[in-house]
Amino acid sequence: NNMALFGKKKTAKKADAVAVAQAPAGSNVNVAGLSHVLQNPRITEKATMHQNISVYTFDIAKVATKRDVLKAVQALYKVTPRMVHVVNIPSKIKRNMRTGKSGVKGGGKKAYVYLKSGETITIS
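Residues in the sequence shown are numbered consecutively from -15, following the working numbering.
Structure representation (structure tokens):
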């Protein structure tokens, strides 16, 4: 009997089991670990023009790397990007027109995901 002094420590086994169940067959990518990487698709005029040539733009987490983005796109959209470019968005000082006070508009990070020509992602 393996008894702990204050009871068993609860682990996140359920979350891990759900993540493994959602992962595509044959891949050992932890989907739950990648869910925070892609925050949302970046829908702008420039990004929409890029979609015609199979380039998709996403807002990503500040700590995410190119490899994280590549794995997240593979897991979520079932396509393999041919390359990923990551760009830091600088924070900007914006002035409120009504009060005249200045504030900081937080920056962030975005990723350009290049697919093979002909491959598409359905962004909702």
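A virtual CB, placed ideally from N, CA and C, is assigned to each residue, including glycine. Here the structure is a predicted model, which means the values were calculated and not measured.
Using the rule of at least 16 other Cβ atoms within 10 Å of the residue's Cβ for burial, across every protein chain shown, is proline 65 buried or exposed?
For this step, residue 65 is matched to residue 81 along the sequence shown. Result: buried.
Segment contact flag, the region 89 to 96 with the region 61 to 78, C-beta cutoff 8 Å, min 3 pairs:
yes
What's the gap between the Cα of serine 19 and the Cα of alanine 56?
On the sequence shown, position 35 is the one that residue 19 refers to. On the sequence shown, position 72 is the one that residue 56 refers to. For serine 19 and alanine 56, the distance between alpha carbons rounds to 7 Å.
State the Cα-Cα distance for the pair arginine 51 and glutamine 58, rounded to the nearest angstrom.
Here residue 51 refers to the residue found at position 67 when the sequence shown is read from its first residue. Here residue 58 refers to the residue found at position 74 when the sequence shown is read from its first residue. Between arginine 51 and glutamine 58, the C-alpha separation is close to 11 Å.
Top-ranked residue by Cα proximity to glycine 90, from Ile77, Val53, Thr32 and Met33:
Residue 90 sits at position 106 when you count from the first residue of the sequence shown. Selected option, being the one with the closest Cα: Ile77.
Look at glutamate 103 and valine 63 and say whether their C-beta atoms are less than 7 Å apart.
As a working note, residue 103 is residue 119 in the sequence shown. As a working note, residue 63 is residue 79 in the sequence shown. In contact: glutamate 103 and valine 63 (Cβ atoms closer than 7 Å).
Of all the options Thr106, Arg82 and Val47, which has the alpha carbon lying nearest to the alpha carbon of glycine 17?
By one-based count along the sequence shown, residue 17 stands at place 33. Answer by Cα proximity: Val47.
Would DSSP call lysine 94 helix, strand or coil?
Locating residue 94 in the sequence shown gives position 110, counting from the first residue. In the structure shown, lysine 94 sits in a strand (DSSP, three-state: E or B).
Completely contained alpha helix (DSSP H) runs for the region 17 to 103, where each covers 4 or more residues
29 to 35 and 50 to 61
Say yes only if the C-beta of glycine 102 is nearer than 6 Å to one or more non-hydrogen atoms of the ligand PLP, and no if none qualify.
In terms of ligand content, the structure shown is empty, and the ligand PLP therefore cannot be addressed.
Report all residues from its chain with a CB closer than 8 Å to the CB of asparagine 12; omit the five preceding and five following residues, and keep chain order.
Within the sequence shown, residue 12 is the residue found at index 28, counting from 1. In this prediction, asparagine 12 has a pLDDT of 47, which is less than 50 and means its spatial position is unreliable; what the coordinates show is noted afterwards. The answer is none, since no qualifying residue turns up.
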